[in-house]
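Each remark here refers to the structure printed beneath this line.
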Amino acid sequence: QKEVEQNSGPLSVPEGAIASLNCTYSDRGSQSFFWYRQYSGKSPELIMFIYSNGDKEDGRFTAQLNKASQYVSLLIRDSQPSDSATYLCAASSGGSYIPTFGRGTSLIVHP
Amino acid sequence: SQTIHQWPATLVQPVGSPLSLECTVEGTSNPNLYWYRQAAGRGLQLLFYSVGIGQISSEVPQNLSASRPQDRQFILSSKKLLLSDSGFYLCAWSLDEQYFGPGTRLTVT
């Protein structure tokens, strides 16, 4: 059974701080990793994807992948109240059409 | 650019009534298509996926069915809704990364 585990939170950080969201996955064959942001009552929005070990940066977001430890993280720099949402982590194996989703971590950025 | 549409946005239906939710994708060809359900406070549950016209795989046996009559059209149906069918229904498409539509919030009363 492929699993993606996330701490449900909530993770509470002050405005301007770095928010660190973490995710572990069970399938060593996973090759593609995704972070989605889901505001309350809305659909998930893809914000980052990473395929290779190391870091990938896009604006205030950095995704980090460590395949040896089966660990993915998302860093949000200069957190804003508008970043308050649930963040879903997903992993997909090579050749699979179906990503495995975690249940999400709730992030609260307070002014 | 690619766009995914779902309708209706919200729906209130009585128990035992039929259901039809539609999803269309623009700006791409031969996408993989998916139906998910997200119950309140729960994770994403994959219901169906399709890799081509007429090709449907079911992940959860239940009173729902799906069809893909055209390359970029995916339909979720039920003949008789149950209370447990209430939830947030999400259509998604992918070639590599997966992208979600705006969703349909279904309440069965």
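Going down the list, the protein sequences come from chains A and B. Residue numbers for the first sequence, in our numbering: 1 to 111. Residue numbers for the second sequence, in our numbering: 1 to 109. Here a beta-carbon is modelled for each residue, glycine too, at the ideal position from N, C-alpha and C.
For B:G101, which residues in chain A fall below 9 Å Cβ to Cβ?
-> Numbered from 1 along the second sequence, position 101 holds the residue referred to as residue 101 of chain B. Result: S43.
Could you say which of B:S58, B:L11, B:T107 lies nearest to B:Y34 if we only look at CA atoms?
-> For this step, residue 34 of chain B is matched to residue 34 along the second sequence. Minimum Cα distance to B:Y34 is reached at B:S58.
Identify every residue that forms a DSSP beta bridge with B:N32.
-> Locating residue 32 of chain B in the second sequence gives position 32, where the first residue counts as 1. Within the DSSP bridge table, the entry for B:N32 names B:S94 as partners.
Roughly how far, in whole angstroms, is the beta-carbon of B:L21 from the beta-carbon of B:Q13, given that I think they are within contact range, below 8 Å?
-> Here residue 21 of chain B is taken as the residue at index 21 of the second sequence, counted from 1. Here residue 13 of chain B is taken as the residue at index 13 of the second sequence, counted from 1. About 11 Å separates the CB atoms of B:L21 and B:Q13; that is not less than 8 Å, and the two are not in contact.
B:G16 vs B:K80 beta-carbon contact at 7 Å = On the second sequence, position 16 is the one that residue 16 of chain B refers to. On the second sequence, position 80 is the one that residue 80 of chain B refers to. The answer is yes: Cβ separation under 7 Å.
On the three-state DSSP scale, how would you describe B:L82?
-> Residue mapping note: residue 82 of chain B aligns to position 82 of the second sequence, counting from 1. Coil, per DSSP.
Flag this pair as yes or no: are the beta carbons of A:P10 and A:S106 separated by less than 7 Å?
-> As a working note, residue 10 of chain A is residue 10 in the first sequence. As a working note, residue 106 of chain A is residue 106 in the first sequence. Cβ atoms of A:P10 and A:S106: closer than 7 Å.
Going along the chain, which residues of its own chain have a beta-carbon closer than 7 Å to the beta-carbon of A:P111, five neighbours each way excluded?
-> Here residue 111 of chain A is taken as the residue at index 111 of the first sequence, counted from 1. Cβ within range, chain order: E15, P81.
By the 10 Å Cβ neighbour count, where 16 or more other Cβ atoms means buried, how is B:Y36 classified, buried or exposed?
-> As a first step, residue 36 of chain B must be located in the second sequence, where it is residue number 36. Under this definition B:Y36 is a buried residue.
Rounded separation between B:V108 and B:S84 - CA only = For this step, residue 108 of chain B is matched to residue 108 along the second sequence. For this step, residue 84 of chain B is matched to residue 84 along the second sequence. Going by the C-alpha atoms only, they are around 8 Å apart.
Check whether the Cβ atoms of B:L44 and B:V60 lie closer than 7 Å to each other.
-> Mapped onto the second sequence, residue 44 of chain B falls at position 44. Mapped onto the second sequence, residue 60 of chain B falls at position 60. Not in contact: B:L44 and B:V60 (Cβ atoms no closer than 7 Å).
Supposed contact pair A:P99 and B:Q98 - C-beta distance, whole angstroms, cut 8 Å | Numbered from 1 along the second sequence, position 98 holds the residue referred to as residue 98 of chain B. Numbered from 1 along the first sequence, position 99 holds the residue referred to as residue 99 of chain A. Indeed, because the Cβ distance is near 6 Å, the residues count as touching under 8 Å.
Give the DSSP-derived three-state secondary structure of A:P14 in the structure shown.
-> Residue mapping note: residue 14 of chain A aligns to position 14 of the first sequence, counting from 1. Note: A:P14 maps to strand in three-state DSSP.
Which residue comes first and which comes last in the beta strand (DSSP E) that contains A:D112?
-> The question about residue 112 of chain A has no answer, for chain A in this structure spans 1 to 111.
So with Cβ pairs under 7 Å, would you call B:N32 a contact of chain A?
-> To locate residue 32 of chain B, count along the second sequence from 1; it is residue 32. Yes, its Cβ sits closer than 7 Å to a Cβ of chain A.
Skipping 5 residues on each side, what residues in its chain have a beta carbon closer than 8 Å to that of B:G27?
-> One-based indexing of the second sequence puts residue 27 of chain B at position 27. Excluding sequence neighbours, B:G27 sits near S1, Q2, T3.
Neighbour flag for A:Y51 against chain B, beta carbons, 7 Å = In the first sequence, counting from the first residue as 1, residue 51 of chain A sits at position 51. Cβ-Cβ to chain B under 7 Å: no for A:Y51.
In angstroms with no decimal places, state the Cα-to-Cα distance between B:G103 and B:A66.
-> Counting from one through the second sequence, the residue named residue 103 of chain B turns up at place 103. Counting from one through the second sequence, the residue named residue 66 of chain B turns up at place 66. Cα to Cα, the separation comes out at about 16 Å.
Mind checking which residues open and close the beta strand (DSSP E) that includes A:G54?
-> What you label residue 54 of chain A is simply residue 54 of the first sequence in a count that begins at 1. Segment 54-58, the beta strand (DSSP E) holding A:G54.
Which parts of the stretch 60-91 of chain A are runs of the beta strand (DSSP E), unbroken and 3 residues or longer, counting only runs that do not cross its ends?
-> Qualifying beta strand (DSSP E) stretches, in chain order: 61-66, 71-76.
From the DSSP output, in three-state form, read off B:Y99 for me.
-> One-based indexing of the second sequence puts residue 99 of chain B at position 99. Strand.
Between A:G94 and A:Q31, which are expected to be in contact by the criterion C-beta below 8 Å, what is the C-beta distance as a whole number of angstroms?
-> Taking the first residue of the first sequence as 1, we reach residue 94 of chain A at position 94. Taking the first residue of the first sequence as 1, we reach residue 31 of chain A at position 31. Contact check for A:G94 and A:Q31: beta-carbon distance about 5 Å, within the 8 Å limit, so the pair qualifies.
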